[in-house]
Amino acid sequence: MAGKPILHYFNGRGRMECIRWLLAAAGVEFEEKFIEKPEDLDKLKNDGSLMFQQVPMVEIDGMKLVQTRAILNYIATKYNLYGKDMKERALIDMYSEGVADLGEMIMHLPLCPPAEKDAKLTLIREKTTNRYLPAFENVLKSHGQDYLVGNKLSRADIHLVELLYYVEELDPSLLANFPLLKALKARVSNLPAVKKFLQPGSQRKPPTDEKKIEEARKAFKF
Amino acid sequence: MAGKPKLHYFNGRGRMECIRWLLAAAGVEFEEKFIEQPEDLDKLKNDGSLMFQQVPMVEIDGIKLVQTRAILNYVATKYNLYGKDMKERALIDMYSEGVADLGEMILLLPLCPPDQKDAKIAQIKQSTTNRYLPAFEKVLKSHGQDYLVGNKLSKADIHLVELLYLVEELDPSLLANFPLLKGLKARVSNLPAVKKFLQPGSQRKPPMDEKTLEEAKRIFRIK
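Protein sequences, first through last, are from chains L and C.
Mapping to the numbering used here: the first sequence position 59 is 618, numbers consecutive.
Mapping to the numbering used here: the second sequence position 38 is 39, numbers consecutive.
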């Protein structure tokens, strides 16, 4: 019988956080093996555990899966968070990819050279309020249902709600004019598994400390 | 009865080319509506046709799909190029995403500032020969089969072969030490639908030249 999934990554959000959210929301217990020094990463590389010498890597069902989307797709399918047919999957993918695009901008912000940071932040705010949040608000408005696709919780809802928390961390006022998104955030946050994950002491990681990122950058050369 | 898929993009490779390859390899005829002026893009935006105001967009089976991966996943599922079960899909996704990572570096090269270009090319070549090509050569070696996953053609093979053509355009010597990849490239290129797509006059787009780059920058308002 397969054990719990094992997540290999740094002790921080990065590219693993969306995977932690998805597993947690699916009610799946998981273990984490943190990479703390360059030697830890080298060991994984030399083991042949990382197909492209990169993390995230998740050991699940006998596989050592790398590539965030491959991991997310597998988990979503396994735990029925990927819609009921290919058309629902298409919508879920479209929405998830939009979330990923904005999420990527926010993720890279701490890595931005100080001189460019203000401009980057302005761009992110602009895209958030003019492009991404309106698009998702419109989806919810169009069908009036509780979830983005098929009147049922899917990975799209989980990825979006995670993003809404990051938007809120950046600037709570950005969510002001999006009542349906606020309601989705509240609704999903109230699901037992998500509620638990949002509490202190869970495996959810705090905002990325810029000092920590600089240290990681030097240690891991990125 | 649904008509042919309709691809909305500018007349160049960009982020639509992998979709063209996949449809072509699946033997699916498609139409293209080229965005030639910024006003064409504005019209699509104002129509509400583009969920995030961006292309690629593909009209298929009554849906206006945006986001490259959403489109690719749908096409792959519809035409049975996505493996037989979730474990095969996981491998296909892992391989496809690796291809996409290297492909992205190559895609963005024309936008690189001239003073950084040589360094970028060197980095791409290094990643190609030390990270990506060895990983895929190893997969083929591990099972000795004709295709990457499940002994059957999948989107992973098509994306990889498309990438191998791009690598070859960059520098043919990069493929030198990868016999199994060369074998895969030849094999996939010989499939009737792919062979046809590789011939002149198909909907396959040529490498980006200065003129096309300027046009793309103008249409998409990139500086």
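Ideal Cβ positions, reconstructed from N, Cα and C, are used throughout, including at glycine.
It should be emphasised that the depicted structure is a prediction, and the values quoted were computed from it without experimental measurement.
Distance between beta carbons of residue j and residue i, contact taken as under 8 Å
i: Leu73/C; j: Leu42/C; result: Going by Cβ atoms, the distance from Leu73/C to Leu42/C rounds to 22 Å, so no, they are not a contact pair.
i: Lys65/C; j: Lys34/C; result: Lys65/C to Lys34/C, Cβ: 12 Å. No contact.
i: Asp94/C; j: Arg628/L; result: 6 Å
i: Val150/C; j: Gly202/C; result: In fact, because the Cβ distance is near 32 Å, the residues do not count as touching under 8 Å.
i: Ala674/L; j: Phe53/C; result: Wrong, their Cβ atoms sit about 28 Å apart, outside the cutoff.
i: Phe611/L; j: Gly104/C; result: Between Gly104/C and Phe611/L the Cβ distance is about 13 Å, and since that is not below 8 Å, they are no contact.
i: Pro766/L; j: Glu728/L; result: 6 Å
i: Arg14/C; j: Lys206/C; result: 5 Å
i: Arg188/C; j: Asp147/C; result: 6 Å
i: Leu175/C; j: Thr129/C; result: 5 Å
For residue i, the three-state DSSP class (helix, strand or coil)
i: Lys623/L; result: strand
i: Ile594/L; result: coil
i: Ile565/L; result: strand
i: Met666/L; result: helix
i: Lys676/L; result: helix
i: Glu37/C; result: coil
i: Val617/L; result: strand
i: Leu82/C; result: coil
i: Met2/C; result: The predicted position of Met2/C is uncertain, since its pLDDT is 49 and thus under 50; no value can be drawn from it.
i: Glu588/L; result: coil
i: Leu66/C; result: strand
i: Glu18/C; result: helix
i: Glu685/L; result: helix
i: Glu30/C; result: coil
i: Lys755/L; result: helix
i: Phe611/L; result: coil
i: Val708/L; result: coil
i: Tyr638/L; result: coil
i: Asn570/L; result: coil
Contact with chain L by residue i, beta-carbon distance below 8 Å
i: Ala71/C; result: yes
i: Gly66/C; result: Reading off the sequence, residue 66/C comes out as Leu, not Gly. Yes, contact with chain L.
i: Arg90/C; result: yes
i: Phe53/C; result: yes
i: Arg222/C; result: no
i: Thr129/C; result: no
i: Asp119/C; result: no
i: Arg132/C; result: yes
i: Thr213/C; result: no
i: Asn74/C; result: yes
i: Glu98/C; result: yes
i: Met87/C; result: yes
i: Gly58/C; result: Reading the sequence as shown, one finds Met at residue 58/C and not Gly. So, not an interface residue.
i: Asp48/C; result: no
i: Asp94/C; result: yes
i: Lys44/C; result: no
i: Ala136/C; result: yes
i: Lys79/C; result: yes
Run of the alpha helix (DSSP H) containing residue i, from where it starts to where it stops
i: Ile72/C; result: Thr69 to Lys79
i: Glu774/L; result: Glu769 to Phe779
i: Tyr148/C; result: Counting along the chain, Tyr148/C falls outside any alpha helix (DSSP H), and DSSP gives it neither H nor E.
i: Val726/L; result: Arg714 to Leu729
i: Val195/C; result: Pro193 to Leu199
i: Cys577/L; result: Glu576 to Ala584
i: Pro738/L; result: Pro738 to Ser748
i: Asn131/C; result: Asn131/C -> no alpha helix (DSSP H), and no H or E assigned at all.
i: Ala187/C; result: Pro180 to Ser190
i: Asp158/C; result: Lys156 to Leu171
i: Pro114/C; result: Unbroken run through Pro114/C: none, as it is neither H nor E.
CB contact below 8 Å: residue i versus chain C
i: Gly657/L; result: yes
i: Leu624/L; result: yes
i: Tyr691/L; result: yes
i: Gln704/L; result: no
i: Lys596/L; result: no
i: Met653/L; result: yes
i: Asn632/L; result: yes
i: Thr767/L; result: no
i: Ala649/L; result: yes
i: His718/L; result: no
i: Lys700/L; result: no
i: Lys777/L; result: no
i: Phe589/L; result: no
For residue i, the first and last residue of its enclosing beta strand (DSSP E)
i: Ile223/C; result: Element bounds for Ile223/C: n/a, residue is neither H nor E.
i: Lys7/C; result: Lys7 to Tyr10
i: Met87/C; result: Segment Met87 to Leu109 is the alpha helix (DSSP H) holding Met87/C; no beta strand (DSSP E) there.
i: Val56/C; result: Segment: none, Val56/C is in no beta strand (DSSP E) and carries neither H nor E.
*Taking 8 Å as the threshold, find out whether the stretch 156-169 of chain C comes into contact with the stretch 14-32 of chain C through three or more Cβ pairs.*
With the cut-off at 8 Å, the stretch 156-169 of chain C and the stretch 14-32 of chain C touch.
_Cβ contact check for the stretch 649-668 of chain L and the stretch 732-745 of chain L: 3 or more pairs under 8 Å_ = The answer is no - the stretch 732-745 of chain L does not touch the stretch 649-668 of chain L, with fewer than three Cβ pairs under 8 Å.
*Could you tell me whether the stretch 747-762 of chain L touches the stretch 581-592 of chain L, where touching means 3 or more Cβ pairs closer than 8 Å?*
Yes, the stretch 747-762 of chain L touches the stretch 581-592 of chain L.
*Spell out a yes or no on whether the stretch 164-183 of chain C and the stretch 126-142 of chain C are touching, meaning 3 or more CB-CB pairs, one atom from each, closer than 8 Å.*
They touch, by the three-pair rule.
_I want to know whether the stretch 640-658 of chain L touches the stretch 706-719 of chain L - three or more CB-CB distances under 8 Å._
They touch, by the three-pair rule.
_Quick check: the stretch 697-708 of chain L against the stretch 649-656 of chain L, are at least 3 beta-carbon pairs closer than 8 Å?_
Segments in contact, yes.
_Counting beta carbon pairs with one atom in the stretch 563-578 of chain L and one in the stretch 612-630 of chain L, are three or more of them shorter than 8 Å?_
Between the stretch 612-630 of chain L and the stretch 563-578 of chain L, the count of Cβ pairs shorter than 8 Å is three or higher; the stretches touch.
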